[in-house]
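Everything on this sheet refers to the single structure shown next.
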Amino acid sequence: MTKVEYTPREFKVVGTRPLRPDGIDKVTGRARYGADISAPGMLVGMVLRSPHAHARIKSIDTSAAEALPGVKAVVTRADFTHQPEDNATADILDNCMAGEKVLYDGHAVAAVAATSRNAAIAAVAAIKVDYDVLPHVMDVDDAMKLGAPVLLKGRKQETVPAEMSDNVLTRNQYGHGDPEEGFKQADLIIERTFKTAATHQGYIEPHACLATLGADGQGDMWVCTQGHYMVRNTCAAILGLDAGRLRVTASEIGGGFGGKTTVFLEPTALVLSRKSGRPVKMTMTRDEVFRASGPTASTSIDIKIGMTKDGKITAATGDYRYQNGAYEAMNGTLGAMTGFAPYDLEHVRTTGWDVVTNRPKAAAYRAPGAPMAAFAVESVIDELAGELGLDPIDVRLKNAAREGTRAAYGPTYPAIGLEATLEAAKAHPHWSAPLGKNQGRGVACGFWFNFGGDTCVSLMINPDGTVSLSEGNPDIGGSRASMSMMAAEELGVPMEQVRTIVADTASLGQNEVTDGSRVTFAVGLATIKAARHAIEIMKERAAMTWGIDVDAVEWVDGAAQPAGPNAGKFPPMSIGEIAAIAANTGGPIAGHHEVNAEGAGVSFGTHIADTEVDPETGAVKILRYTVFQDAGKAVHPSYVEGQFQGGAVQGIGWALNEEYVYGEDGRLQNPGFLDYRIPVASDLPMIDPVILEIPNPGHPYGVRGVGETGIVPPLATVANAVSRAAGIRLTSLPMSPPKVLAALKGG
Amino acid sequence: MSHIHVKTTINGDAVEFLCQADETLLDVLRDRLDLTGSKEGCASGDCGACSVTLDGRLVCSCLMLGAEAEGSKIETIEGMAEGETLHPLQQAFLDHAALQCGVCTPGFLIAAKALLEKNPDPSEEETRYWLAGNLCRCTGYDKIIRAVLAAAKNMRETA
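Top to bottom, those sequences are chains H and P.
Note that my numbering has the first sequence beginning at 6, numbered continuously upward.
Note that my numbering has the second sequence beginning at 1441, numbered continuously upward.
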């Protein structure tokens, strides 16, 4: 079991809503994102991408491009001379720059660095690639069949049956009990197959980096990324560089949602810089972002659930088939782990399949793999409740996982907040508000694991008593504010006395990527521990000054003071007073903490949506939407609400509009925001966020990550609302107007 | 390619620049004038991150050429605050936590300012439709809409 870190306390700073410290820079245009920086002598880097979904590269002729004016370097895979030591890194390299084959429309085959954008465009156009075009496969069910075009031979794990294609890389199974026996106890069994389309994170800022790499192997990068340590380590492994000689600085990041947790341009930018001897800046166009970054999986899922007349689930099984694009990923495995996680089941068995197809490799997208699984599971639960005439919240409460429940994916839960979100939903005015014609209300639950991981924080007490806090995770949604707040809480000073910065890779130890909703939890934990470390030192300095034992000193409201009358009579020494004489009491004062944080604390949410279905067009309008989610402890409630709202709206887009559309030729047909339509302001109502706080035992303040869970319930919530509005059960996403209209007409 | 000499007024200052015939106004702002507050999210007029006003009219700077700006008055995010005093919309975005990553924020602020100059008292629906050309992927728009409506109220009351 994870160590219990939580102790109840009265908060002074945590739970308030101060202005974010990076706010003024961001409302005045001063904040510097990936593409907002330049270097003297900088070149423009650009990539040539495959127009084919699947082809063997017979030859690449770069001579004409190299001869063009302004062209300083042209590179292909042949310029990546180091062979990565492990398969995972080799795959990342192959995804960044194709080797023998291109595996998807948009796969990089060559790159140039030139003195201007126009010169780079001309150079890219002058590269001649001779392709041997191969058959391609895009759909997960097609790709699993023997006889499907095979992307990568010999990758199939032993657990995958022989009668399946080599495209099926892994099979993973979870569960307990005996589902066949459990189904015998059911009064009603519903089994359905669901399909969901691939979607994209849709961050507004395209990928961008500025790279310098010398012939001596020393380099610097400025990168828009969720993890600059990941960028450093991955580039070093791909290029055979010493990680310590490569310094990476994270820019401000214009959204990621999981899509910036790997590298795409960065190794190529370094190779172009080394070859040209100049700094190289690369930015993706929106077309490139859609075609060649990391969208999410498309899926095909079978769910079977048995239920008694009074709403008890007797057994559940799930078969989760996910295509992850051209290389190995684990979205299907995660789907199989998460789908039934909200429920206390006696008999459950799930299988996750991870399959490759001729699409860009899936990256993480906010609770990767879970939203599609929840869509399928929560749709069947809703249908069972409807058929049995039961309230859908009551059914979920009857089966809800709670402290001590053995999760469908294995572990036993500590204190969790699912029931609290369901009870709050049931009691909320939204649940009992009247509905009009063609309107329906849906509800669904969602789960995400959350994560901790490697984390380093350094907290410096400056000579004037102010505090400088260095963390190593890009601030994607207000985490510098949260860190300053937690440090201020622990030190007993105003938040404004603490300035938090995101340090570069040479300034702190290893930090895991900003993912898994980990930053407020793990970096927060390390921040609190670093503050406690600094407090211990400051107490020692006060004890030394007063000539008393350090055990007789306590820390109260930002100052050291004698602990009780027996310790001696001395006026309190504030941080400022201790810092001012630090040179005479042992030197500068700093706290630090390094940890592989465990105890992230799983997270649950329940959503309610009201929809109206237009019977003439099939268009679905979201009328009202409420999110209930357990935050453990909301450090800055406004930004917690923002996570709930943003996750819900991404899920609404996934449910209703968003979809990767490929032509018969395997080319992406909608690589732009006009045709890949994410929700806009006029599509939506206000999104009402309700924060529940069931403390996470694994964090000193009870914090749980909140970033990802919000996208898990909406797909099912909207589908269930549409079902009740129109009397149709849609099993395929997105529920775009043509599909809804066809369903309304019984098609 | 030869360059074109263009004279404009940007954020109240006379600005002259040279640009090529195929350079967008956004390229000129970002790459030649170092006004990087305007962002490129799509280069096709779909995301609004590059919003500026041209002689008071809201435009996507990625959809017009730099050379077309000859003789015009351009307002960008860098000119929105007056010295250290933020525009009421900027302050409202901070007060209402109306940004997460912040990359769409300059475009939203420019577009919202253009709205309030035309209509000082917009309804929620009018605000949502006016801002439908600006994409935000982080917030779900809730806090942005609240911030704009609050700033409008504040500006009406102090006008």
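Just so you know, even glycine gets a beta-carbon here, dropped at the ideal spot from N, CA and C.
Keep in mind it's a predicted model, so treat the numbers as computed, not measured.
Under the three-state DSSP convention, the category residue i falls into
| i | result |
| --- | --- |
| D562(H) | coil |
| C1576(P) | coil |
| I583(H) | helix |
| P1528(P) | helix |
| T239(H) | helix |
| H598(H) | strand |
| G224(H) | strand |
| L661(H) | helix |
| P416(H) | coil |
| S278(H) | helix |
| L48(H) | strand |
| S512(H) | coil |
| D1467(P) | helix |
| E1456(P) | strand |
| A213(H) | strand |
| A60(H) | strand |
| D324(H) | strand |
| E71(H) | helix |
| V524(H) | helix |
Reference residue i, options the options, closest by Cα
| i | options | result |
| --- | --- | --- |
| P434(H) | P373(H), A568(H), Y630(H), D96(H) | Y630(H) |
| R371(H) | T519(H), P570(H), P365(H) | T519(H) |
| V382(H) | A430(H), G415(H), V448(H) | V448(H) |
| D1582(P) | A726(H), H641(H), P376(H), V632(H) | V632(H) |
| I126(H) | P74(H), A430(H), A412(H) | P74(H) |
| N725(H) | D619(H), D615(H), E664(H), S484(H) | D615(H) |
| V555(H) | V561(H), A568(H), A564(H), G563(H) | A568(H) |
| F345(H) | W358(H), R364(H), G529(H), A320(H) | A320(H) |
| T33(H) | L1465(P), I1444(P), G1542(P) | G1542(P) |
| Y706(H) | G604(H), T417(H), N123(H), N589(H) | G604(H) |
| Q231(H) | H212(H), D221(H), A220(H), L244(H) | H212(H) |
| L1469(P) | M1504(P), A1599(P), D1486(P) | M1504(P) |
| A1478(P) | I1517(P), V1446(P), A1509(P) | The question names Ala, but residue 1478(P) in the sequence shown is Ser. Selected option, being the one with the closest Cα: I1517(P). |
| Q206(H) | G264(H), A624(H), A72(H) | G264(H) |
Buried or exposed (CB count within 10 angstroms, at least 16 for buried), residue i
| i | result |
| --- | --- |
| I1585(P) | buried |
| I421(H) | buried |
| N329(H) | buried |
| A369(H) | buried |
| H233(H) | buried |
| V561(H) | exposed |
| L427(H) | buried |
| T532(H) | buried |
| I306(H) | buried |
| G46(H) | exposed |
| P140(H) | exposed |
| P416(H) | exposed |
| R1596(P) | exposed |
Boundaries of the alpha helix (DSSP H) in which residue i is found, first to last residue
| i | result |
| --- | --- |
| M543(H) | 529-551 |
| M335(H) | It is not in any alpha helix (DSSP H) - M335(H) carries neither H nor E in the DSSP assignment. |
| K31(H) | 28-33 |
Residue i, enclosing beta strand (DSSP E) - first and last residue
| i | result |
| --- | --- |
| P694(H) | 692-697 |
| F609(H) | 608-618 |
| F1548(P) | F1548(P) -> not in any beta strand (DSSP E); alpha helix (DSSP H) instead, spanning 1545-1558. |
| S1491(P) | 1491-1494 |
| D556(H) | Element bounds for D556(H): n/a, residue is neither H nor E. |
| G445(H) | 444-453 |
| A78(H) | 76-80 |
| E476(H) | 472-476 |
| V353(H) | 353-360 |
| D635(H) | 625-635 |
| H1405(P) | For chain P, the structure presents residues 1441 to 1599; residue 1405(P) sits outside this window and is missing. |
| R250(H) | It is not in any beta strand (DSSP E) - R250(H) carries neither H nor E in the DSSP assignment. |
So within the region 101-129 of chain H, which uninterrupted alpha helix (DSSP H) runs reach at least 4 residues, ignoring any that extend past its ends? none
Please go through the region 704-736 of chain H and give each complete alpha helix (DSSP H) segment of 4 or more residues, from N-terminal end onward. 719-731
3 or more residues per run - each beta strand (DSSP E) lying fully within the region 122-187 of chain H: 133-138, 173-181
Restricting to runs no shorter than 3 residues, where is the beta strand (DSSP E) found entirely within the region 256-320 of chain H? 285-288, 303-312
Kindly provide the ranges of any beta strand (DSSP E) runs that are 3 or more residues long and lie completely inside the region 370-428 of chain H, ordered along the chain. none
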